[in-house]
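Chains as they are written, first to last, in the numbering used here: chain A, 1 to 403; chain B, 1001 to 1403. Glycine residues also receive a C-beta, built at the ideal position from the N, C-alpha and C atoms. See structure below.
2 protein chains.
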Amino acid sequence: MSVQEKFGRLGTDNAPGQEGRQKVGDLHKLMRGGTLEGVTVDFSHGDVDAFTPTPGSFEVFAEGVQRGGSQAYTEYRGAGAIREELAGKLAAFTGAPIDMDGMILTPGTQGALFLAIASTVARGDKVAIVQPDYFANRKLVEFFEGEMLPVQLDYMGTYGEAGLDLGQLEDAFRQEAKVFVFSNPNNPTGTVYSEAEIRRIAELAGKYGVTVIADQLYSRLRYSDVTYTHLRANGIDPENVITIMGPSKTESLSGYRLGVAFGAPKLIERMEKLQAIVSLRAAGYSQSVLQTWFSEPDGWLDGRIRLHQAIRDDLLKVLRDTHGMEVRTPQAGSYLFPRLPDIVVAPADFVRILRLQAGVVVTPGTEFSPHSAKNVRLNFSQDYTAAVSAVERMVELIERYRA
Amino acid sequence: MSVQEKFGRLGTDNAPGQEGRQKVGDLHKLMRGGTLEGVTVDFSHGDVDAFTPTPGSFEVFAEGVQRGGSQAYTEYRGAGAIREELAGKLAAFTGAPIDMDGMILTPGTQGALFLAIASTVARGDKVAIVQPDYFANRKLVEFFEGEMLPVQLDYMGTYGEAGLDLGQLEDAFRQEAKVFVFSNPNNPTGTVYSEAEIRRIAELAGKYGVTVIADQLYSRLRYSDVTYTHLRANGIDPENVITIMGPSKTESLSGYRLGVAFGAPKLIERMEKLQAIVSLRAAGYSQSVLQTWFSEPDGWLDGRIRLHQAIRDDLLKVLRDTHGMEVRTPQAGSYLFPRLPDIVVAPADFVRILRLQAGVVVTPGTEFSPHSAKNVRLNFSQDYTAAVSAVERMVELIERYRA
Chain A
1 MSVQEKFGRL GTDNAPGQEG RQKVGDLHKL MRGGTLEGVT VDFSHGDVDA
51 FTPTPGSFEV FAEGVQRGGS QAYTEYRGAG AIREELAGKL AAFTGAPIDM
101 DGMILTPGTQ GALFLAIAST VARGDKVAIV QPDYFANRKL VEFFEGEMLP
151 VQLDYMGTYG EAGLDLGQLE DAFRQEAKVF VFSNPNNPTG TVYSEAEIRR
201 IAELAGKYGV TVIADQLYSR LRYSDVTYTH LRANGIDPEN VITIMGPSKT
251 ESLSGYRLGV AFGAPKLIER MEKLQAIVSL RAAGYSQSVL QTWFSEPDGW
301 LDGRIRLHQA IRDDLLKVLR DTHGMEVRTP QAGSYLFPRL PDIVVAPADF
351 VRILRLQAGV VVTPGTEFSP HSAKNVRLNF SQDYTAAVSA VERMVELIER
401 YRA
Chain B
1001 MSVQEKFGRL GTDNAPGQEG RQKVGDLHKL MRGGTLEGVT VDFSHGDVDA
1051 FTPTPGSFEV FAEGVQRGGS QAYTEYRGAG AIREELAGKL AAFTGAPIDM
1101 DGMILTPGTQ GALFLAIAST VARGDKVAIV QPDYFANRKL VEFFEGEMLP
1151 VQLDYMGTYG EAGLDLGQLE DAFRQEAKVF VFSNPNNPTG TVYSEAEIRR
1201 IAELAGKYGV TVIADQLYSR LRYSDVTYTH LRANGIDPEN VITIMGPSKT
1251 ESLSGYRLGV AFGAPKLIER MEKLQAIVSL RAAGYSQSVL QTWFSEPDGW
1301 LDGRIRLHQA IRDDLLKVLR DTHGMEVRTP QAGSYLFPRL PDIVVAPADF
1351 VRILRLQAGV VVTPGTEFSP HSAKNVRLNF SQDYTAAVSA VERMVELIER
1401 YRA
């Protein structure tokens, strides 16, 4: 594949955070009525002004700067002392030991995901991908010229399981998928995989020798009635799994760009080799901030979860009062993924109209699955009042454009 | 190429900063005599405790954290206001205008180099690479399965030019090299390309339609008698050149991981698409620190250059007093690349012995060229006294192991 073709397929115009670069074009011809007043809400990512970074994180960063050279120039896989402390905390959280040769700090979880896929997928390799799932999974497989084998997630199905089509997953493995990558909780739907689903994934991966990359970015932000099962502690071959996490979301530490991948040492070693030519290391001073992770003040995380649950519940009410709107209650994370009723404009145009007429920025469902054209994703980690008002404006526009 | 093969070729054991991961093995059998006492000096990178970050950089970072969400979540190519300010400064420095669609902020210059090569080199594409040059150039071309066409640099030749074999460069272009990547000042030798060399590179690139990636990381740290020629302002097609710089070296801001690439908008656009799946963006808060770049206090940069020149000159004296040692006077940057006299142990073993017996960490020449096995690279941005003493110990060990 030529470089032109490769980048032709790598669209980012609809990617979260890039809305400012969208061309407006002939959109005005489609618009009905005037604009709706209200505080602009950017649901493409969380609002770190509404939910501020972990208390003390800046102070720990400042100490890192004070430490100077040893913190600026760490090993490519990150500072040893910070990794060691973190390995203990993450082993406790996920319920299985972490080999000190099996952990790397990265520039964000995006960095970890890139390195993990680059280290396991070569041209022509088959990769099982969930639909819908985090948009970069698909793009990364395409970039490395792998072949995607989609596996559907029936996220509107039974509450208490994610709804993965396990038959389809086994078919993909039987067709010699080399890698399976998935997010748990699922991004964009917020569903959490049940213990039975996770155990079956582990069993199938073992049977067919598939490497699994589990993106558990949101696994700390879980609502009241949820049981979470860590893949790495549930029957999978430790030499064939990489788990990815990071303090960027729940803890609002995105501005520091930190992620961590842990698992099979042979894969972590590849990831480090590649990091050496991709970005050298996660920003040295930022690495210090990981010392605050899993060491937050008592009750801080619980409080944060309660506030998110309140926003979730009230937005769900507004959405469910809308005729024809379908939405799953997320069990974890801060995403809603409603399927909109039929409207007279194309979904992609509606997303742009929503931004221009109502000051509401959402991410189109097609970023996550070709079958989700009628969905939009909202990150509801926002100011409560602003978020409720923005979703009300979205609903008002849906009525205005209803088919 | 399978993933195994790809990573098998991607060695980092001798990469700067990774020395702690080297296996010692049977080295003790080769060692002569005891250890030499002295302060350990890690010449694999600059010492940011000896040359501290730009005054005010931490305060500007803190203001970025205060700004909150807008600084944490920038466009993938970096915050607009910061890019705009920087474009003006870099246009003035390099002597040619910068298109606002033609600039991206990256996690370090390593990030910029990765994105630039990934955006121009596909499998089988030929790439002209200077020998010696920055080790990642070669590794990146290998990672993307390009084919290297080496071009020799006669860096011990005439002072006042870098010594690039322009005939060999044209041969490479005639053999349909698609890309030419080089560092100026050259890393590891510190030579600066003459105006004639730069103009000829521009002319040949135009004639053969080659894209040029110019890594100008050290172009601010220039010694007293040096004329520096910016490729982008000297006759090259602006649609076929990317320039890379960053505040990580001269300004000791490496701990923030910042780089910038500027040039052809069509290539910058590809680089941004790729950054979206590699690391999203340069750490948001860190981006603020770029506001201090090219806005340092009066005289600060001159003072820094004077101190480096003093260290350079005194280390050169120690090296040149050693029989059989060959070393070029660097015109810019903070690298020395001496060629060692004949010794009884293999050069790679000597590098390890040097670390274990003398507390002196250097980077082996083979990282930069297959023809530089007898060279080592030293980053002399160090504490003056410690650096001189460390090089004296290196010389003492050379005498001990002399053939």
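Quick one: Cα of residue i to Cα of residue j, how far?
| i | j | result |
| --- | --- | --- |
| Pro107(A) | Ala403(A) | 44 Å |
| Gln1152(B) | Leu1164(B) | 6 Å |
| Pro297(A) | Ser334(A) | 21 Å |
| Ser286(A) | Tyr256(A) | 6 Å |
| Asp314(A) | Val388(A) | 7 Å |
| Arg320(A) | Val327(A) | 7 Å |
| Asn187(A) | Ile198(A) | 16 Å |
| Asp49(A) | Ser1372(B) | 53 Å |
| Thr1385(B) | Tyr228(A) | 57 Å |
| Ala122(A) | Ala172(A) | 17 Å |
| Ala377(A) | Ala1348(B) | Strictly speaking, residue 377(A) in this sequence is Arg, with Ala absent from that position. Those two C-alpha atoms are separated by around 54 Å. |
| Val362(A) | Pro16(A) | 8 Å |
| Lys1178(B) | Arg220(A) | 47 Å |
| Ser1044(B) | Gly1284(B) | 28 Å |
| Arg306(A) | Ala332(A) | 12 Å |
| Asp1133(B) | Phe1182(B) | 7 Å |
| Glu346(A) | Ala264(A) | Residue identity check: residue 346(A) is Ala in the sequence provided, not Glu. When rounded, the distance between both Cα atoms is 45 Å. |
| Glu75(A) | Tyr1073(B) | 27 Å |
| Gly1209(B) | Leu356(A) | 42 Å |
| His1308(B) | Val192(A) | 57 Å |
| Pro370(A) | Val130(A) | 11 Å |
| Phe350(A) | Gly1235(B) | 47 Å |
| Tyr1401(B) | Leu1030(B) | 10 Å |
| Ala162(A) | Thr1189(B) | 57 Å |
| Thr1035(B) | Arg1339(B) | 23 Å |
| Asn375(A) | Val360(A) | 15 Å |
Interface residues of chain A around residue i at Cβ under 9 Å?
| i | result |
| --- | --- |
| Leu1010(B) | Arg270, Lys273, Leu274, Ala276, Ile277 |
| Leu1307(B) | Per Cβ cutoff of 9 Å: no residues; Leu1307(B) is ~17 Å from chain A at best. |
| Val1181(B) | Per Cβ cutoff of 9 Å: no residues; Val1181(B) is ~13 Å from chain A at best. |
Since residue i meets chain B, which of its residues come closer than 7 Å, beta carbon to beta carbon?
| i | result |
| --- | --- |
| Gln18(A) | Glu1075, Tyr1076 |
| Ala136(A) | Ile1277 |
| Ala72(A) | Val1048, Ser1254, Gly1255 |
Since residue i and residue j are thought to touch, with beta carbons under 8 Å apart, how far apart are those beta carbons, to the nearest angstrom?
| i | j | result |
| --- | --- | --- |
| Met394(A) | Leu354(A) | 6 Å |
| Asp225(A) | Ile244(A) | That belief does not hold up - the Cβ atoms of Asp225(A) and Ile244(A) are roughly 25 Å apart, past 8 Å. |
| Ser1248(B) | Phe1061(B) | About 14 Å separates the two Cβ atoms, so there is no contact after all. |
| Gly1124(B) | Glu1147(B) | 6 Å |
| Phe1093(B) | Phe1294(B) | 7 Å |
| Glu1239(B) | Lys1266(B) | 7 Å |
| Phe7(A) | Arg1270(B) | 5 Å |
| Ser381(A) | Phe51(A) | 5 Å |
| Ala1079(B) | Gly1259(B) | With 8 Å as the limit, Ala1079(B) and Gly1259(B) do not qualify as a contact, their Cβ atoms being about 15 Å apart. |
| Ala116(A) | Met100(A) | Contact doesn't hold; Cβ gap of about 19 Å is too wide. |
Taking Cβ-Cβ distances shorter than 7 Å, what residues in chain A pair up with residue i?
| i | result |
| --- | --- |
| Asp1047(B) | Gly69 |
| Leu1280(B) | Gly108, Gln110 |
| Tyr1256(B) | Ala283, Tyr285 |
| Ser1002(B) | Ala122 |
| Ala1015(B) | Ala276 |
Using 8 Å as the limit for Cβ to Cβ distance, is residue i near chain C?
| i | result |
| --- | --- |
| Arg1304(B) | Protein chains in the displayed structure are A and B, and chain C is not among them. |
So residue i contacts chain A; which residues on that side make the cut at Cβ distance below 8 Å?
| i | result |
| --- | --- |
| Lys1006(B) | Ala122 |
| Ser1119(B) | Val3, Phe7 |
| Phe1058(B) | Ala62, Val65 |
Residues of chain B with a CB under 9 Å from the CB of residue i: which are they?
| i | result |
| --- | --- |
| Lys126(A) | Here the premise fails: no neighbours, minimum Cβ distance about 13 Å. |
Would you say the beta carbon of residue i comes nearer than 7 Å to a heavy atom of the ligand COA?
| i | result |
| --- | --- |
| Glu85(A) | By its list of ligands, the structure shown contains no ligand whatsoever, and the ligand COA lies outside what it can speak to. |
Exercise. Of the residues that make up the stretch 92-117 of chain A, which ones have a beta carbon closer than 7 Å to any beta carbon in chain B?
Worked result: Pro107, Gly108, Gln110, Gly111, Phe114
Exercise. Which runs of the beta strand (DSSP E) spanning at least 3 residues fall entirely within the stretch 1177-1252 of chain B, listed in chain order?
Worked result: For the stretch 1177-1252 of chain B, whole beta strand (DSSP E) runs of length 3 or above, ordered along the chain, are 1177-1183, 1211-1215, 1241-1245.
Problem set entry | Contact set between the stretch 138-166 of chain A and chain B, restricted to residues whose Cβ is under 7 Å from the partner | Under the 7 Å Cβ criterion, the stretch 138-166 of chain A contributes Lys139, Leu140, Phe143.
For this session: Counting only runs of 4+ residues fully inside the stretch 1362-1401 of chain B, write out the alpha helix (DSSP H) ranges in chain order.
Result: 1384-1401
Exercise. Which runs of the alpha helix (DSSP H) fall wholly inside the stretch 1249-1287 of chain B and span at least 4 residues, in chain order?
Worked result: 1265-1278, 1284-1287
Exercise. Along the chain, which unbroken stretches of the alpha helix (DSSP H) at least 4 residues long are found entirely within the stretch 117-165 of chain A?
Worked result: 135-143
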